[in-house]
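Residue numbers (my numbering), protein chains in the order written: chain A, 2 to 338; chain B, 803 to 951; chain C, 13 to 288; chain D, 100 to 755.
In structure tokens, the structure reads:
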């Protein structure tokens, strides 16, 4: 016997969480884009998507974030920090890959300096993940040692019932347990069978990839040039990635006041590594693509013991020229056959 | 009753015609609304569309762009180039929902102090009626406020 | 022999004779439906070339890859009429020498591929003439008109909503053959005309500036619209600009390599109904 | 760090009565970067300027804003003051709080607020001003005069007599222009040839003047002080160096029935010809299109006749490249084609002629040796009708402007006719008699009072032939009744129009033109001799209809301008010019296409070994006039305008 969240009680569930002080965010399709947004009713949710186009990363590490407000006086500058207020949020209907993405990034944001902006949001968020029963040609979680029902980064795991009437509920953390409190009366006991999870084929051999990347000779391999020849150098793969976390600091303002902001940046952009002198250590797209792959499957692991990829496949799914991590890692796998 | 709304108007003008026309309005002691701030440029050819966007960001409720009549340009052709640019830019702004009433273009010669006076007064009155350009200014106020997540 | 086979064998011929050093075409993609750009350097590799209704991208962008054409050698490229117009504009703007570009011209009608006669951009003048005579896309015009009909305030809300989605990934810019600047206006920080942050204001500015820079240059290949990962209908704004220059100045971008930029030229009797 | 000095002028009460200057000073003093802010009654006065200078020195100011009147008023004054205090004069901005603030507003609070905003905004601008230095351009002290009519000859002689070299280019085989076709000149009635020919000879013999006849300007490059002109010397097929002008070839040429252009078709010329007897140089040319030798390779009688073998059928056009520092455009005018007046019967009736025909008839060296004989039958006309404004001042068919000279020459024609045909009768249909000029009105009075010119105020509606007479029907407006005159000859005072190729020529040399094709002056009243293109000047009727005294005056004025320019080896120009950022320029040349002055060229950037890395736009500071059209065209912001840079404008706007 396990606990079941009946689908027809979803609205009660939202209401219960809201009255417990939570904002509820769920996949929504609005203005021709699927993303996580605050919802008040279950009918606004788009739970049947394989994956939202935007990741939940956006809600922890926004594309642009004010850090400091400043005003320029005659002899000095007044500054005022802009740290987000505490706000309790439930992310409902997160996919395992996106949830894992948060867990992958946690050590980065807490490593030498604890990023308030990230952790204030992380600490007040409860991730309710729904295991995947569908997948598409781009999903690759199984290739990066995750799966359509992996629990990494999740506080509550929901497994769809075979009959479609609801989800089997499993709390994975204290935070998850606490979240079930307000809805305890909604949950019921049951032993309905869960639907089988999606089958996502293994698309590359990540161990071989890691070994090849770790080989110093690979850095200067001609491979990078060939594999990245059609890359146009946009940042969409990085910006839609649940784990990419690079940012830039920009001041924006007028003569009198302004705001220092933290903005997403991308290793795909030539400007990313441009020195003031005009010298650019990564002055070709192939060196930039190499950096992206190396960072995800070599350097990041070296520092934090985990690859910076949760297998969502968004990089390929939306690439304007049909590139992506999968193709590159497949090619590396084939190199080392 | 709150104070009547006083619009902020930024004018980008060429120094040879419209700026001189505005000077003439002054030397003739004509009177017009104090809402306009003039940015002097050598020629309408120098007026880049970015100026208009920045003026809006800085809270302008309307922007005026003005120069020499066709054929009178001190630089022979600058205003003809400007006219093409405006035609296209105006269509673009209009299509993105920036009302045509708020972006005005005119030819005012160095002799047309009266036209300048009348234009500023009419424009100010029009924009008073139209109200502040809140839609655009909100874009700025939003970024100045604390992230709501 | 189908067009695909014909072009494959011609491409192989060009490569083996040394007439071109590279063929840029389409190949199979990561899914059955997808087509991706492929770069073919040997006759044997021409087997990878695919030509079917899925080959919609404007590959002329790749011709501007730094250093590609600087050795004076020729490159062959698969192009639809929109891409051929891009070549004309790039030639007019001195970004490439059209003599170095060998074109495998084709068009797609109702999912079927049709070969276009010619090899040099100038050979396709009749095709472009027909395209101009046929006018801008009626479909886009219909879509754009829907926006023209609502009030300015509603239009503003529409675009605010659309632009709020923008993440400044610059896929629109990177995929566009017209965006060849070494330093994009958005990367100019002295002064910072365009707010680089991807808040709605910055996004508004960026998208307006880009549309303005494409006025009279966009050939409606749809690359930016397809590339946008957050589905902003960029096609509409670019279409509106193309219509404006056509209506006001009878200017159809990319008619020939001698065409002067619409915003760098003028006529004394250009329309000016809006000027007080 | 910026140290800006702001000086708030009261302008007596002009500013202070409407702007609370104390408030203004208080607000501006608090502005970042403002080192000192002072107010004073009149900063433009000597003590005021001294205050500014002292502040600049004592505070080591890096920039100055004077909040006062319009920069159009006192920018130069304060620039000079800054320079005298050791500050680059371009580190100054004027905040216009008088013409555009205190004088036009009525609410002191509003005006003060506006004055504060204007001043702040210019403080922000001046912080970003750059030191600028006048641009020095070398001057080639040689002039070119295009057009060898009286205006061109005069300009050339004036410049040459002052010791500078001149190249005089004329497209016809001889210099002289229209003046050489004229019989007598008003208001003195001296013979045109008699006063012109000595000037022609003087020009051709002047050691400082190179006369290039039968030559046309094809290309003009460069800018003030440094023009490069390509001139096509058309093949004459006669060797200039050896021909003595004996005229034997002309005599012997068998092709004789070619209507002479010089005689307006009233006389004939041969295939090898000089346009008129006094031609300078007196060297014939062969009209290739009419010459039998060029048609079928036979004849060559001229070659056989010539005793010094000066005929050269193999001559080719040559292109000469000439460097000059200034150009006078004196390309003259044409007479309007009168065939558009069907009601006047021009072209249909042989005896309906233009004023220029009449000049040839009246000319002692003309086809009738100065006798007034009508073209149809060579008889002396007993009644002559003159129709004025046959094209001028006519919105519907002709040109809107007044051709200016017709009133005078028509009076002259009536007089000449009266002097030659004592019992003849004249009728002059006119709209107004415009005779403003020294001795002009007296002249027309004389025509009426002494020579009985029959002026009829009114227009001609119809003209037809009947029994060998030209019946001219019109209306006498003063009497209010129709008039009908049976004339033997009718003379139309046709309009003066630009040369048919004037617009194309204007494009070649890069000057403006009006709706008709007359060349545009830089300013109609204050710079009537200059064009908008520095270094190119106008003389004569190519600018607007002019008579001889006006043409000559303008020619001398143009010469004076050029001599002024040539008085120094270098020319100093305002440094408000555009510059290109080589590293970011994408080389699309849009700026070059847009530039109204052709001031933008392509420049190759090469590596150490001389290989071209990239090609960028490059502004010629000698040509750039500083309009900034290129700047707003440039998509990558790679071109900027000194004095109005992107940074400056941005700062100015962001401070509003």
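By construction, the Cβ of each residue, glycine as well, lies at the ideal position given by its N, Cα and C atoms.
Please read all numbers here as calculations on a predicted model, not as lab measurements.
Note to self: Please return the same chain residues whose Cβ sits closer than 7 Å to the Cβ of residue 830(B), not counting the five positions on each side in sequence.
What the structure shows: Position 28 of the second chain, counted from the first residue, corresponds to residue 830(B). These residues qualify, in order along the chain: 915.
Margin query: If we require 4 or more residues per run, which alpha helix (DSSP H) segments fall completely within the segment 590 to 664 of chain D?
Written below: 601 to 608, 647 to 664
Next item on the list: Output, in chain order, the set of chain D residues within a Cβ distance shorter than 9 Å of residue 105(C).
Entry: Against the third chain, residue 105(C) aligns to sequence position 93. Ordered by position in chain D, the residues that pass the 9 Å Cβ test against residue 105(C) are 685, 686, 687, 688, 689.
Notebook entry, point to check: Can you tell me whether DSSP reads residue 803(B) as helix, strand or coil?
Noted result: Mapped onto the second chain, residue 803(B) falls at position 1. In this predicted model, residue 803(B) has a pLDDT of only 45, less than 50, meaning its place in the structure is not dependable enough to derive any value.
Next item on the list: Could you round the C-beta distance between residue 877(B) and residue 847(B) to whole angstroms and report it? I think they count as a contact, below 8 Å.
Entry: Within the second chain, residue 877(B) is the residue found at index 75, counting from 1. Within the second chain, residue 847(B) is the residue found at index 45, counting from 1. Their Cβ separation, rounded to whole angstroms, is 6 Å, which keeps residue 877(B) and residue 847(B) in contact under 8 Å.
Check: Rounded to a whole number of angstroms, what is the C-alpha to C-alpha distance between residue 261(D) and residue 237(D)?
Finding: Here the question's residue 261(D) lines up with position 162 in the fourth chain. Here the question's residue 237(D) lines up with position 138 in the fourth chain. Spanning the two alpha carbons is a distance of roughly 20 Å.
Note to self: Along the segment 822 to 837 of chain B, where does the CB come closer than 7 Å to a CB of chain D? Name the residues.
What the structure shows: 822, 824, 825, 827, 828, 829, 831, 832, 833, 834, 836
Notebook entry, point to check: So is residue 336(D) buried or exposed if we call it buried at 16+ other beta carbons inside 10 Å?
Noted result: Locating residue 336(D) in the fourth chain gives position 237, counting from the first residue. So residue 336(D) ends up on the buried side.
Item checked: Within chain B, the residues that residue 83(C) reaches when beta carbons sit closer than 7 Å -> Locating residue 83(C) in the third chain gives position 71, counting from the first residue. The premise fails here: residue 83(C) is roughly 37 Å from chain B at the closest Cβ pair, so nothing lies under 7 Å.
Check: Where does residue 151(A) fall in DSSP's three states?
Finding: Within the first chain, numbered from 1, the residue matching residue 151(A) stands at position 150. If DSSP states are grouped into helix, strand and coil, residue 151(A) belongs with coil.
Next item on the list: Express the C-alpha separation of residue 61(A) and residue 83(A) in angstroms, rounding to a whole number.
Entry: If you number the first chain from 1, residue 83(A) lands on position 82. If you number the first chain from 1, residue 61(A) lands on position 60. Those two C-alpha atoms are separated by around 15 Å.
Note to self: For residue 146(D) and residue 203(C), what's the separation of their Cα atoms in angstroms?
What the structure shows: Locating residue 146(D) in the fourth chain gives position 47, where the first residue counts as 1. Locating residue 203(C) in the third chain gives position 191, where the first residue counts as 1. Cα-Cα distance, rounded: 39 Å.
Next item on the list: Could you run through the segment 257 to 273 of chain A and flag, in chain order, every residue whose CB is less than 7 Å away from some CB of chain B?
Entry: 260
Check: With a cut-off of 8 Å, does the C-beta of residue 728(D) fall near any C-beta of chain B?
Finding: Within the fourth chain, residue 728(D) is the residue found at index 629, counting from 1. By this cut-off, residue 728(D) is an interface position.
Checklist line | Outcome for residue 325(D) when other beta-carbon atoms lying within 10 angstroms are tallied against a minimum of 16 | finding: Working through the fourth chain from its first residue, we reach residue 325(D) at position 226. By the 10 Å Cβ count, residue 325(D) comes out buried.
Margin query: Between the alpha carbons of residue 243(D) and residue 356(D), how many angstroms are there, rounded?
Written below: Taking the first residue of the fourth chain as position 1, residue 243(D) is located at position 144. Taking the first residue of the fourth chain as position 1, residue 356(D) is located at position 257. C-alpha separation (whole angstroms): 36 Å.
Next item on the list: Kindly say whether residue 237(C), judged by its beta-carbon, lies nearer than 8 Å to any beta-carbon of chain A.
Entry: In the third chain, counting from the first residue as 1, residue 237(C) sits at position 225. Cβ-Cβ to chain A under 8 Å: no for residue 237(C).
Next item on the list: Just the chain D side, please: which residues come within less than 8 Å of residue 205(C) by C-beta, in chain order?
Entry: Locating residue 205(C) in the third chain gives position 193, counting from the first residue. 736, 745, 749, listed in chain order.
Notebook entry, point to check: Should residue 953(B) be flagged as near chain D, meaning a C-beta pair shorter than 8 Å?
Noted result: Here chain B covers residues 803 to 951 and nothing more, so residue 953(B) does not appear.
Notebook entry, point to check: So residue 843(B) is in the beta strand (DSSP E); what residue range does that whole segment cover?
Noted result: Within the second chain, residue 843(B) is the residue found at index 41, counting from 1. Per DSSP, residue 843(B) belongs to the beta strand (DSSP E) from 838 to 843.
Notebook entry, point to check: For residue 39(A), which residues from the same chain have a beta carbon less than 6 Å from its beta carbon, with the 5 sequence-adjacent residues on both sides left out?
Noted result: Along the first chain, read from residue 1 onward, the residue named residue 39(A) stands at position 38. Within the same chain, residue 39(A) has close Cβ partners 24, 26.
Notebook entry, point to check: So which residues on chain B does residue 225(D) lean against when the C-beta distance must stay under 8 Å?
Noted result: Counted from its first residue, the fourth chain places residue 225(D) at position 126. By Cβ distance, chain B contributes nothing, its closest Cβ being about 13 Å from residue 225(D), past 8 Å.
Next item on the list: Could you check if residue 162(C) is buried or exposed, using at least 16 other CB atoms within 10 Å of its CB as the buried criterion?
Entry: If you number the third chain from 1, residue 162(C) lands on position 150. By the neighbour-count rule (16 or more Cβ atoms within 10 Å), residue 162(C) is not buried but exposed.
Item checked: Beta-bridge pairing of residue 669(D) - partner residues as DSSP gives them -> Looking up residue 669(D) in the fourth chain gives position 570. Paired residues: 237(D).
Next item on the list: Would you mind working out which of 720(D), 501(D), 554(D) sits nearest residue 511(D), comparing C-alpha positions?
Entry: Indexing the fourth chain from 1 puts residue 511(D) at position 412. Among 720(D), 501(D), 554(D), the Cα nearest to that of residue 511(D) belongs to 554(D).
Notebook entry, point to check: What did DSSP end up calling residue 698(D) once you bin it into helix, strand or coil?
Noted result: On the fourth chain, residue 698(D) is found 599 positions in, with the first residue counted as 1. If DSSP states are grouped into helix, strand and coil, residue 698(D) belongs with coil.
Checklist line | Positions along the segment 206 to 223 of chain D whose CB lies within less than 9 Å of some CB in chain B | finding: 206, 209, 210, 212, 213, 216, 217, 220
Margin query: Is residue 18(C) close to chain B? Criterion is C-beta to C-beta, closer than 8 Å.
Written below: For the purposes of this step, residue 18(C) is identified with residue 6 of the third chain, where counting begins at 1. Not an interface residue.
Margin query: Checking 8 Å against the spacing of the C-beta atoms, do residue 695(D) and residue 728(D) come in under that value?
Written below: The residue given as residue 695(D) occupies position 596 in the fourth chain. The residue given as residue 728(D) occupies position 629 in the fourth chain. Going by C-beta atoms, residue 695(D) is nearer than 8 Å to residue 728(D).
Notebook entry, point to check: Given that a residue counts as buried once 16 or more other Cβ atoms are within 10 Å of its Cβ, and exposed if not, what is residue 217(A)?
Noted result: The residue you call residue 217(A) lines up with position 216 of the first chain. Burial call: exposed.
Check: Where do the ends of the alpha helix (DSSP H) carrying residue 136(A) lie?
Finding: In the first chain, the residue the question calls residue 136(A) occupies position 135. Unbroken run through residue 136(A): none, as it is neither H nor E.
Item checked: Straight-line gap, residue 248(C) to residue 897(B) (C-alpha atoms, nearest Å) -> For the purposes of this step, residue 248(C) is identified with residue 236 of the third chain, where counting begins at 1. For the purposes of this step, residue 897(B) is identified with residue 95 of the second chain, where counting begins at 1. If I take the Cα positions, the gap works out to 9 Å.
Item checked: Per-residue burial, residue 214(C) [other beta carbons within 10 Å of its own, 16 or more giving buried] -> On the third chain, residue 214(C) is found 202 positions in, with the first residue counted as 1. Counting Cβ neighbours within 10 Å, residue 214(C) comes out buried, since at least 16 surround it.
Next item on the list: Below 8 Å CB to CB, which residues in the same chain sit around residue 753(D) once its five sequence neighbours on both sides are set aside?
Entry: In the fourth chain, the residue the question calls residue 753(D) occupies position 654. Cβ within range, chain order: 223.
Next item on the list: Say whether chain A places a C-beta atom closer than 8 Å to the C-beta of residue 192(D).
Entry: Taking the fourth chain and counting its residues from 1, the one referred to as residue 192(D) is at position 93. Not closer than 8 Å to any Cβ of chain A, the Cβ of residue 192(D) fails to qualify, so no.
Notebook entry, point to check: In the structure shown, what three-state DSSP assignment does residue 120(C) receive?
Noted result: By 1-based counting over the third chain, the position of residue 120(C) is 108. Residue state, collapsed to three classes: strand.
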